[in-house]
Amino acid sequence: MNAPPSGSTCKVLADDAHGITEAAGYIRDGQLVAFATETVYGLGGDATDDDAVVSIFKAKGRPRFNPLIVHYADISEISRDVDFNARAQKLAAAFWPGPLSLVLPRSANCRISLMASAGMDTLAVRIPDHKTARRLIVESQTPIAAPSANKSNHVSPTCAEHVISELGSDIAAVIDCGHCTVGIESTVLDLTVENPIVLRPGKVTIEEITSVLGTTNVMNTGGNSPNGHDIKSPGMLKRHYAPHQPLRMDAQKAEPHESLLGFGPEASHATLNLSPSGDLDEAAANLFAMIRDLDRRDFSGIAVMPVPETGLGCAINDRLRRAAHGSSA
Ligand code: TXA
Ligand code: MG
0 MNAPPSGSTC KVLADDAHGI TEAAGYIRDG QLVAFATETV YGLGGDATDD DAVVSIFKAK
60 GRPRFNPLIV HYADISEISR DVDFNARAQK LAAAFWPGPL SLVLPRSANC RISLMASAGM
120 DTLAVRIPDH KTARRLIVES QTPIAAPSAN KSNHVSPTCA EHVISELGSD IAAVIDCGHC
180 TVGIESTVLD LTVENPIVLR PGKVTIEEIT SVLGTTNVMN TGGNSPNGHD IKSPGMLKRH
240 YAPHQPLRMD AQKAEPHESL LGFGPEASHA TLNLSPSGDL DEAAANLFAM IRDLDRRDFS
300 GIAVMPVPET GLGCAINDRL RRAAHGSSA
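Going letter by letter, the sequence shown gives residues 0 to 328 in numbering that gives the first Met the number 0.
Pasting the structure below:
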């Protein structure tokens with residue numbers, strides 16, 4: 000990758016044994032390191048260290064009431080910190096390592112800073128499907144709290160350049176692992192209630208979760224905040240993932256002042272196309288990088304063509320709706 004922009008003070012580490020060992024040293028030292036997961040880059044700090052967790056909130060400009068996901072390399076470590084119940088075990092067997100975060104009750108001996116839970120008695124945990132991330136956790140000898148490595152409410156980063164442009168002067172280092180393969184944040188599932196609730200849609204769909212849990216009635220918030228969950232998962236805030244330019248959905252063509260983000264074979268006139276073949280996995284992987292790209296261009300708005308509301312398309316549309324919310328045309 001190119002040299003970091005001026006003003007950035009973070010080290011750019013290679014995705015190799017050397018880089019990971021250096022990064023783990025920073026984490027053990029209470030500093031922050033950004034690293035790739037399969038979904039998006041995370042802004043990582045020692046989850047057991049109050050000061051490190053506070054510095055994550057500060058670097059992102061994130062409200063303290065919005066809890067963090069804690070990343071682990073194996074289930075035996077997770078079950079020290081949360082009540083890893085039977086439903087969690089089933090889902091872990093099916094989807095981990097992978098893009099599913101489980102919200103579970105904190106255990107009596109939970110080692111994780113209460114600030115990572117935003118003072119609540121629950122904790123979101125996951126094992127990422129990325130070797131570097133897991134090696135970093137193992138070498139750091141601690142679970143790593145990691146929200147997406149962007150400023151609060153802005154677009155999530157899917158490559159090291161995105162991280163450096165927003166947080167380059169707030170973190171010790173970033174491990175440059177290239178582009179994230181999934182490109183959209185993990186599905187967040189609340190397992191602390193009788194009927195599990197998808198708090199944030201993602202790559203793992205409600206249909207897949209339901210089929211693993213069998214008869215359990217899994218509820219989908221549909222991206223809307225039902226009563227009582229506004230604070231439980233503030234990542235569901237209506238305006239989130241937002242570019243600087245206003246974003247307009249379900250457009251067939253752009254107005255003269257707008258760029259056009261297309262989807263599918265009919266979108267040859269688009270400025271950029273999420274997936275010329277209409278593949279939702281490809282579209283998710285391109286989504287945030289293309290929004291950032293268009294946001295930097297010489298237009299004053301971004302028009303987005305329709306994306307089908309099926310499978311991963313639900314998560315893509317969820318992110319687009321939040322990015323669009325509050326945008327004036
Ligand atoms: O894919 C991902 O999940 C990425 C990578 C880095 O793992 N992380 C990520 O973290 O997207 P963040 O902080 O940007 O989003 C975490 C979401 C937020 O919506 C937050 O409110 C919710 O998870 N969350 C975290 N802990 C929670 C808890 N205890 N109860 C309910 N929601 C929680
Ligand atoms: Mg985020």
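No residue lacks a Cβ here, since even glycine has one placed at the ideal position from N, Cα and C.
Among the candidates the options, whose CA atom is the shortest distance from the CA of residue i?
i: Cys179; options: Lys130, Ala92 and Thr270; result: Lys130
i: Ala107; options: Ala117, Ser151 and Phe83; result: Phe83
i: Ala132; options: Leu122, Ser155 and Pro98; result: Pro98
i: Leu12; options: Glu160, Thr47 and Leu67; result: Glu160
i: Asp128; options: Gln88, Ser276 and Val181; result: Val181
i: Val124; options: Leu90, Asp280, Glu193 and Glu254; result: Leu90
i: Pro242; options: Asn149, Ser139 and Ile26; result: Asn149
i: Ala314; options: Ile301, Ile26 and Lys202; result: Lys202
i: Met304; options: Asp297, Arg296, Phe298 and Leu286; result: Leu286
i: Gly44; options: Ser116, Val192 and Thr141; result: Thr141
i: Arg321; options: Gly277, Arg247, Ala282 and Glu281; result: Arg247
i: Cys9; options: Gln30, Asp15, Val187 and His17; result: Gln30
i: Arg361; options: Phe94, Ile68, Glu138 and Val137; result: Outside the displayed span of the chain (0 to 328) sits residue 361, for which this structure offers no information.
i: Ser100; options: Arg318, Arg110 and Val81; result: Val81
i: Ser75; options: Cys109, Gly60 and Val192; result: Cys109
Contact check, residue i vs residue j under 8 Å by CB: the rounded distance?
i: Leu135; j: Ile143; result: 7 Å
i: Gln22; j: Ala172; result: Per the sequence shown, residue 22 should be read as Ala rather than Gln. 6 Å between Cβ atoms; contact.
i: Leu166; j: Ala33; result: 7 Å
i: Pro156; j: Tyr40; result: 4 Å
i: Ile298; j: His324; result: This sequence places Phe at residue 298; Ile is not what is there. No, Phe298 and His324 are not in contact; Cβ-Cβ is about 20 Å, not under 8 Å.
Under a three-way DSSP split, which group does residue i fall into?
i: Lys10; result: strand
i: Ala159; result: helix
i: Phe34; result: strand
i: Ser106; result: coil
i: Arg331; result: This structure gives no information on residue 331, because the portion of the chain shown stretches from 0 to 328.
i: Asn316; result: helix
i: Asp50; result: helix
i: Leu273; result: coil
i: His324; result: coil
i: Pro225; result: Low confidence applies here, because Pro225 scores a pLDDT of 42, under 50, leaving its location unreliable; read the following figure in that light. Note: Pro225 maps to coil in three-state DSSP.
i: Ile17; result: In the sequence under discussion, the amino acid at residue 17 is His, which differs from the Ile named in the question. In this structure, His17 counts as helix in the three-state DSSP scheme.
i: Arg61; result: coil
i: Asp247; result: The residue you asked about is not Asp; residue 247 is Arg in the sequence shown. DSSP places Arg247 in strand when its eight states are reduced to three.
i: Asp120; result: coil
i: Gln140; result: coil
i: Ile111; result: coil
i: Ser164; result: helix
i: Thr309; result: coil
i: His211; result: It should be noted that the sequence gives Val, not His, for residue 211. If DSSP states are grouped into helix, strand and coil, Val211 belongs with the helices.
Could one say the Cβ of residue i lies closer than 8 Å to chain D's Cβ atoms, at least one of them?
i: Gly182; result: Note that chain D does not occur in the displayed structure, where there is just one protein chain.
Under the criterion of a Cβ to heavy atom distance below 7 Å, does residue i qualify as lining the ligand FAD?
i: Pro146; result: The ligand FAD is not part of the structure shown, which contains the ligand TXA and the ligand MG as its ligands.
Would you call the segment 261 to 274 and the segment 285 to 297 in contact, with 3 or more CB pairs under 8 Å?
-> Verdict: yes, contact present.
Is the segment 204 to 216 touching the segment 50 to 70 in the sense that three or more CB pairs, one from each, lie closer than 8 Å?
-> no
So, do the segment 189 to 206 and the segment 58 to 68 have three or more beta carbon pairs nearer to each other than 8 Å?
-> no
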